[in-house]
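Notes follow the structure.
Number of protein chains: 4
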Amino acid sequence: MDIQIGRGKTARRAYGIDEIALVPGNITLDPNVADTYWEIGGIQREIPIIASAMDGVVDVEMAVRLSELGALGVINLDGIQTRYADTAPILDKIASVGVTEFVGLMQQLYAEPVKPELIQKRIREIKDRGAIACASSTPANAEKYGEIAAAAGCDIFFLQSTVVSTTHIAPEGLQSLNLEEFCRKMPIPVVMGNCVTYEVTLQLLNAGAAGILVGIGPGAACTSRGVLGVGLPQATAIADCAAARNDFFKQTGKYVPIIADGGLITGGDICKSIACGADGVMIGSPFARAKEAPGRGFHWGMATPSPVLPRGTRIRVGTTGSIEQILRGPAGLDDGTHNLLGALKTSMGTLGAKTLKEMQQVEVVVAPSLLTEGKVYQKAQQLGMGK
Amino acid sequence: MDIQIGRGKTARRAYGIDEIALVPGNITLDPNVADTYWEIGGIQREIPIIASAMDGVVDVEMAVRLSELGALGVINLDGIQTRYADTAPILDKIASVGVTEFVGLMQQLYAEPVKPELIQKRIREIKDRGAIACASSTPANAEKYGEIAAAAGCDIFFLQSTVVSTTHIAPEGLQSLNLEEFCRKMPIPVVMGNCVTYEVTLQLLNAGAAGILVGIGPGAACTSRGVLGVGLPQATAIADCAAARNDFFKQTGKYVPIIADGGLITGGDICKSIACGADGVMIGSPFARAKEAPGRGFHWGMATPSPVLPRGTRIRVGTTGSIEQILRGPAGLDDGTHNLLGALKTSMGTLGAKTLKEMQQVEVVVAPSLLTEGKVYQKAQQLGMGK
Amino acid sequence: MDIQIGRGKTARRAYGIDEIALVPGNITLDPNVADTYWEIGGIQREIPIIASAMDGVVDVEMAVRLSELGALGVINLDGIQTRYADTAPILDKIASVGVTEFVGLMQQLYAEPVKPELIQKRIREIKDRGAIACASSTPANAEKYGEIAAAAGCDIFFLQSTVVSTTHIAPEGLQSLNLEEFCRKMPIPVVMGNCVTYEVTLQLLNAGAAGILVGIGPGAACTSRGVLGVGLPQATAIADCAAARNDFFKQTGKYVPIIADGGLITGGDICKSIACGADGVMIGSPFARAKEAPGRGFHWGMATPSPVLPRGTRIRVGTTGSIEQILRGPAGLDDGTHNLLGALKTSMGTLGAKTLKEMQQVEVVVAPSLLTEGKVYQKAQQLGMGK
Amino acid sequence: MDIQIGRGKTARRAYGIDEIALVPGNITLDPNVADTYWEIGGIQREIPIIASAMDGVVDVEMAVRLSELGALGVINLDGIQTRYADTAPILDKIASVGVTEFVGLMQQLYAEPVKPELIQKRIREIKDRGAIACASSTPANAEKYGEIAAAAGCDIFFLQSTVVSTTHIAPEGLQSLNLEEFCRKMPIPVVMGNCVTYEVTLQLLNAGAAGILVGIGPGAACTSRGVLGVGLPQATAIADCAAARNDFFKQTGKYVPIIADGGLITGGDICKSIACGADGVMIGSPFARAKEAPGRGFHWGMATPSPVLPRGTRIRVGTTGSIEQILRGPAGLDDGTHNLLGALKTSMGTLGAKTLKEMQQVEVVVAPSLLTEGKVYQKAQQLGMGK
């Protein structure tokens, strides 16, 4: 159904996670009956949540804890962890500067090159503690870093850029990464993203992706939409990419998970993403609030700070509890950011979904929580902005 | 009319109470001509308003006053009142802690078990003063507490959980409450909820419900939507459930009231709920502002604080007048939270509705009070946020 | 085009003034070419703006100045001016009390009865200075006060209640005002309102109204929508009532003006009201900001403060200039609240409308000024709420 | 598709830049491959951005720097620069007064007449430094100032008023500017605006315009919509006017650029304008933040301050970097207001658009960034408005 923007320009309406809600059906379940297991790259996990490959979210310690708790964490091979052997003073510095100094500091810190031996070291530190190791890199460095990571024992490789495509046009004389070839060469599964459309998802699946990251433009620490005008609201993006997964499965018999990535903060956001068709989610800021998180209460964007076009924003998210509390409870907060597994199981129970596949089929309504005057008043009171 | 969220995912648009308004017709009435009587569980009341079974809203004193004034109040058998003989110091404590300590305190206070003798005591205290006694419990404790309450003289029993269904799947080896059997066994009428759909309402009515509580996710002190992603905007939920009531009445000749519960704050909200098809409403926060309310100016969610997934939020609502002023006036405030009966009668007069049945038929328009720039400015000025 | 709120409940979408904008056509005019003359009750005026019958807006001085400047002001016969011979200390008191004392004070001040001799006195004071005298009353007092006002020389009588209808059902033993009879008996033209529908407008016109006030629920100092749930967004209300005016004109040859009343603050609001079909507007708060206004920088609702259901809200609007600046300029402010005539003429010039009749035909688009994140930031900065 | 506002009043829905987003397709490009060249008035430029003819944005120094950096700046011949030989103390004064004194000061400063010799001087200062000189005037002064500017070496003339049309009705005895005649007489290309419709664009093109400025009502420092009710959301306006450009090109073979002007702040806004069909953009506030800008960290509306109807608003925009940083980077800020060329190239790369013509064809979705409760909270935190 096309919307007429103006003469000769049509568009469709896309929907965000904030604009939908889930409606209970005729059956309810005890949360303990809800089964949240999923599989990615041949690995089964109880919790369908992956921690983002961001400096302030995942280091070795976090990767190990996430793995132990039933989830996954991805270490960023283009970030602080592989540029500095001793990251503590670096992270202290990032947390200590003012807003106006932040961009300049990040540009300076990222001028330090990535060191192959640190890639190897980080992966081994994770594996030595019996945990699952996931690592990410941008396409530009994927061949070099991917080989080192795989050799060091990495379990799953995440090839991630703001927008990925199988057809990337490079400047004359340069060569783009061939994604199909890369998947074939890599001895470990390769998850790819981000993308938001049916077509690109299908192309990435045909190229051999072991998972698809879905999400461009909707994230709290991602300013793609403001800086570039680019983005697709997440509910629509997930549904479209999930449709490609289903069609690929019908054609090939291979079921490859779709992972919603970006703009998800609460348990409710995670539940709604799965209801739109996702198999799992990747989240950053909720984990940045863990006391074990490397960010010291701050969270900032993953895009490698560019000397010409910085895009990440640093947000003070605070520290609210342990990673265990955040993932499995007991919850010490009532705002939907603690005990994410409990929230998912309770939501599934409420909606009568026994498995994640059933959760993908629950009824969705468009229910924009428009800010009416009453709600602004109420919200302002809660924020202490009124009298 | 289906909305396309994305490929293979459709939804319908649901509407909230804030998004609608009522349009006067060709006739007006003097408010004194408006008849607001309704019946629930065989009991006739002048005011179609029930106070929520919440710790900060209903204790024995409030239940008695509400009954005397023509309304009803429900005492929560899973709450503070039945866990502690002397609730005053407990309520003082809840009112005194900071936001960060609240969840922990509630988890600790609710570790104290419910005492059967206190259930009996609270019901008798209400009945001894000649008032109507209503009590609520979750399904888990309904059989045990229900029997005690009925024996003590309780008039109406409220079986209430966030989401209720006639088909609840329990963990292996455990048994779910059979709602039909429970209604048959209980010697007093059983009101049930909450639900939001036509189908579940019909199932609960067939199970023998004496009233249906409608509302999941829209409430001020209820964070279902944020934590679980679950909810249905209230105007749509009421209209759907009221349609089930009408169809059940056509089939059986039994008229069972639909009670809108959640997110209603002002007289206007109450009027709009009835215009969508409700017979009565259940409200919490407006009563938490009474000087007789047990909450000492605070209001918090009803869901039993869970050690794994706390969901209630405590809001400072302040104390604005007596319960009489709030229900029947004279109003000392002009924001729609005082003299709720007067507001209902005036609205009915304005709209030309002589009875609540006629009020259910008045014209509704979709009229979102979108926050335009001018309104934010104006609102900010009123809140003292501007200069 | 019906919207499905839920099963068995449909609604139409109504539009507010804030949701529309006016689109220039192929012709532009010099503002001096724009003719803004209109006629009401046989009286021609240059400016299609009437000041509301509110305590803080119109007293004798304001009525005279408005008349001299080409507009009109209506004195409220149920208000402060006819209850107190010396209003200065009363108005000082209203301006001096705190928010919490306001409602109580108004209830106390309005306990003082209206005095017939003061009605006479106020009308004569206006007439003695050569100005046009307009006076208003609620239906309850219309026969008594109307006769006195007409006898004293009043030019136009405004019969005004929140919602007016030709069929008002009074309590048994009491009699409602017969509007047709009242118009016939009154020796001067009677403007009536407020209403919002085609049908009621047609009934009022058939009853003999000399003008129709359109607007229920949208005003800044009117809380009908919050307290009663009643209201219709103004763009839709104006268009519907204007259609009744046109049909009445076709049937009878009598052209009776439609006056948009409520929620209009800026010159743009006035222009948009006329573009929706209004012949003139009635505004309160912009005039309450005049240094000649009786409200001392405050503005409050017109509905007679009821001892049971107060509905007015007092807003501090400040004092920004003279009534001449507000009506005819020169403007000392750039926010659209000064030089309302100049704004109307400039808008007509921009849109190529030579007369108000042409202005009623300009192109309207639905253009909600949704608050996007960027605009909140920007607005917050302008309000000094950010850093 | 018509929307029914009310009986007999229909409207179409118009869309703003904030309501849309751009969706990546199947191909991506390296930003260095993206070609951003465009042509206006026979002059080729690398950057499709023009700095607005506003007092706080363009003086001789800024015009020269913008030209050197690959963009363009327009000097306002009706502004401060041509009224005062020494503008420094004037601009200091504007920056120093309080909000309440601003309008009065501007009225006083503009009482000083424009001096022909200063027009000549400013143009020559720009040309003497080897830069491209663009100058603007309102229609009232266009013939007089245009001739002087062209004689002094001006390259492109901008004829600009809030709303321009080929048919302007002047007061009796006065004559309107004939646009077709003016274009024919002027020895240099004439860019015209502003307009927002297909029909007026076509008329201006037929009159000989060398470029069309599109935008009425959407700008941050433009209060047309509040004061006059006039405006059209920019996405719709651009699409409509671009359709006229395409039809004119088909008929005549002449390709005349469409320039989006008003309400554009970030790189994303610029990208979205081009995706809607614009060839270039005119922006003010982002350049007012340059340390070379004459506004000293302030920005105010261009409409000549009128003694009767002031419309400009002064906003404190701050100073964030050099004009080079703002246009070409390196970015020192991550909010989308630095390195606008880099943002455009990156967006084009992300979307797979090799040229601006391809960028005009990328997929657009309607994706309103509605402010949900969560986002208000988050935004409020970022603004430091919460705790």
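Going down the list, the protein sequences come from chains A, B, C and D. Under our numbering, the first residue of the first sequence carries the number 1, and numbering increases by one thereafter. Under our numbering, the first residue of the second sequence carries the number 1001, and numbering increases by one thereafter. Under our numbering, the first residue of the third sequence carries the number 2001, and numbering increases by one thereafter. Under our numbering, the first residue of the fourth sequence carries the number 3001, and numbering increases by one thereafter. C-beta atoms are modelled at their ideal positions from N, C-alpha and C, and glycine is treated no differently.
DSSP state of residue i mapped onto helix, strand, coil
i: Ile-3027 of chain D; result: strand
i: Asp-1086 of chain B; result: coil
i: Gly-386 of chain A; result: Confidence in Gly-386 of chain A is poor, its pLDDT being 31 and thus under 50, which makes the residue's placement too unreliable to answer from.
i: Asp-3035 of chain D; result: strand
i: Ala-221 of chain A; result: The pLDDT assigned to Ala-221 of chain A is 43, lower than 50, so where the model puts this residue is not dependable; a value taken from the coordinates is nonetheless given after this. The answer is coil: DSSP assigns Ala-221 of chain A none of H, G, I, E or B.
i: Asn-339 of chain A; result: coil
i: Ala-2239 of chain C; result: helix
i: Gly-3006 of chain D; result: strand
i: Ser-1165 of chain B; result: coil
i: Cys-2276 of chain C; result: coil
i: Met-192 of chain A; result: strand
i: Thr-1350 of chain B; result: helix
i: Thr-355 of chain A; result: strand
i: Leu-3363 of chain D; result: Correcting the residue identity first, residue 3363 of chain D is Glu in this sequence and not Leu. Strand at Glu-3363 of chain D.
Proximity winner among the options, relative to residue i (alpha-carbon distances)
i: Leu-213 of chain A; options: A:Asp-247, A:Ala-278 and A:Leu-228; result: A:Ala-278
i: Gly-1226 of chain B; options: A:Ala-367, A:Arg-129 and A:Ile-43; result: A:Ala-367
i: Ala-2051 of chain C; options: C:Thr-2320, C:Gly-2042 and C:Ser-2136; result: C:Ser-2136
i: Asp-78 of chain A; options: A:Val-114, A:Glu-180 and A:Asp-155; result: A:Val-114
i: Thr-2346 of chain C; options: C:Glu-2019, C:Ser-2224, C:Asp-2035 and C:Gly-2008; result: C:Asp-2035
i: Ile-326 of chain A; options: A:Phe-287, A:Arg-296 and A:Leu-356; result: A:Phe-287
i: Ala-3063 of chain D; options: D:Pro-3031, D:Glu-3112 and D:Ala-3133; result: D:Ala-3133
i: Gly-3208 of chain D; options: D:Ala-3170, D:Leu-3159 and D:Glu-3172; result: D:Leu-3159
i: Pro-2024 of chain C; options: D:Ala-3237, D:Pro-3294, D:Gly-3318 and D:Gly-3263; result: D:Ala-3237
i: Asn-194 of chain A; options: A:Gln-120, A:Ile-148 and A:Thr-166; result: A:Thr-166
i: Gly-1977 of chain C; options: C:Gly-2297, C:Asn-2206 and C:Cys-2183; result: Residue 1977 of chain C is absent from the model: chain C starts at 2001 and stops at 2387.
i: Gly-1284 of chain B; options: B:Ala-1111, B:Gly-1073 and B:Gly-1130; result: B:Gly-1073
Beta-carbon proximity check, residue i vs residue j, cutoff 7 Å
i: Leu-177 of chain A; j: Ala-142 of chain A; result: yes
i: Ile-3003 of chain D; j: Ala-3011 of chain D; result: yes
i: Ile-2049 of chain C; j: Val-2281 of chain C; result: yes
i: Ile-3362 of chain D; j: Leu-3351 of chain D; result: For the record, residue 3362 of chain D in the displayed sequence is Val; it is not Ile. Yes, they are a contact pair.
i: Gln-175 of chain A; j: Arg-122 of chain A; result: no
i: Gly-1394 of chain B; j: Thr-1266 of chain B; result: A query on residue 1394 of chain B cannot be resolved here, the shown segment of chain B reaching from 1001 to 1387 and no further.
i: Thr-1355 of chain B; j: His-2168 of chain C; result: no
i: Gly-2321 of chain C; j: Leu-3309 of chain D; result: no
i: Arg-1007 of chain B; j: Tyr-84 of chain A; result: no
Anticipated Cβ contact below 8 Å, residue i with residue j, distance rounded
i: Gln-234 of chain A; j: Pro-257 of chain A; result: The pair is not a contact, with the Cβ atoms about 16 Å apart (cut-off 8 Å).
i: Ala-1021 of chain B; j: Val-2163 of chain C; result: Going by Cβ atoms, the distance from Ala-1021 of chain B to Val-2163 of chain C rounds to 13 Å, so no, they are not a contact pair.
i: Leu-2105 of chain C; j: Val-2097 of chain C; result: 5 Å
i: Ile-1188 of chain B; j: Cys-1154 of chain B; result: 6 Å
i: Ile-2323 of chain C; j: His-2299 of chain C; result: Not really, about 14 Å apart at Cβ, beyond 8 Å.
Check your understanding: Does the region 2184-2204 of chain C come within contact of the region 2235-2248 of chain C, defined as at least 3 CB pairs closer than 8 Å?
Key -> yes
Check your understanding: Is the region 2261-2280 of chain C in contact with the region 3036-3043 of chain D, if contact means three or more CB pairs nearer than 8 Å?
Key -> no
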